[in-house]
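In this note's numbering, the protein residues as written are 5 to 160.
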Amino acid sequence: MQYDFPAVFFQDGDGFAVRFPDEKSILTCAKTLREAVEMAQDALNFTLLDMEEENETIPTPSKIEDLTLEAGQTVRMIHADTEKYARELAEFQAKEAALKSENPIKYAREEAGLNLKELSDLLGAPYATVQDWNSGRRTPPVWLQNLIVEKIQSTV
């Protein structure tokens, strides 16, 4: 299904916050206005897809002209396409599952936000070895992969 809902944007500290007047549970934020719009689209799609899957009633979107804004707030219509979002989400989850099973060390490293040098330092392993693991040129035995993944996860 496709929907268009108004979102209210406003500065919040050093970034932008977004709220949806029609769905009070959706609130998101980002550093830039562009990122805030992207976050709003993602949050709206996720919320509406969940509501559809739970057979909940989707609220009727407010009209922009009916909204009362405070100083510094702007409103923008956000488009959601839950069918497209569901497909993209399934593709992402499939890719993530494949990466996790094919290269668990790389997956854990990326999830933890570590670069190759940081992982090398964390493990006390040669940088070239960590590069080989990351690229898939070499893989340690499964028992060692599991220990490395545990070590990475303990840093998060």
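Where a beta carbon is used, it is the ideal one built from N, C-alpha and C, also for glycine.
These numbers were taken from a predicted model, which means no experiment stands behind them.
Notebook entry, point to check: Going by DSSP, what residues sit across from Pro-10 in a beta bridge?
Noted result: BP columns for Pro-10 point to Met-81.
Note to self: Looking at the strands, I want to know which residues DSSP matches up with Gly-19.
What the structure shows: DSSP output for Gly-19 lists Asp-16 as bridge partner(s).
Margin query: I'd like the list of long-range same chain contacts for His-83, defined as Cβ closer than 8 Å, with 5 residues on each side in sequence excluded.
Written below: Cβ within range, chain order: Gln-6, Tyr-7, Asp-8 and Gln-45.
Checklist line | Where Leu-31 sits in the DSSP three-state scheme | finding: Correct three-state label for Leu-31: strand.
Check: Between which two residues does the alpha helix (DSSP H) harbouring Arg-38 extend?
Finding: Where Arg-38 is concerned, the enclosing alpha helix (DSSP H) stretches over 37 to 57.
Checklist line | Buried or exposed (CB count within 10 angstroms, at least 16 for buried), Thr-159 | finding: Exposed, since its Cβ has fewer than 16 Cβ neighbours within 10 Å.
Notebook entry, point to check: If you draw a straight line from the alpha carbon of Ile-68 to that of Lys-155, how long is it in whole angstroms?
Noted result: CA-CA distance, Ile-68 to Lys-155, rounds to 50 Å.
Next item on the list: Within 10 angstroms of the Cβ of Ala-101, are there 16 or more other Cβ atoms? Answer buried if so, exposed if not.
Entry: Residue burial is scored here from C-beta neighbours: Ala-101 has fewer than 16 other C-beta atoms within 10 angstroms and is therefore classed as exposed.
Note to self: Relative to the C-alpha of Pro-63, which candidate in Leu-48, Glu-74, Gln-77 and Leu-73 has its C-alpha closest?
What the structure shows: For the residues Leu-48, Glu-74, Gln-77 and Leu-73, the minimum Cα distance to Pro-63 belongs to Leu-48.
Checklist line | Extent of the continuous alpha helix (DSSP H) to which Thr-133 belongs | finding: First-last of the alpha helix (DSSP H) with Thr-133: 131 to 139.
Check: Measuring CB to CB, does Gln-97 end up less than 8 Å from Leu-120?
Finding: No, the Cβ-Cβ distance between Gln-97 and Leu-120 is not below 8 Å.
Notebook entry, point to check: Exposed or buried, which one is Thr-36 when buried takes at least 16 other CB atoms within 10 Å?
Noted result: The residue in question, Thr-36, is exposed, as its Cβ has fewer than 16 Cβ neighbours within 10 Å.
Notebook entry, point to check: On the three-state DSSP scale, how would you describe Lys-110?
Noted result: If DSSP states are grouped into helix, strand and coil, Lys-110 belongs with the helices.
Item checked: Distance, Cys-33 Cα to Glu-39 Cα -> Roughly 8 Å between the two C-alpha positions.
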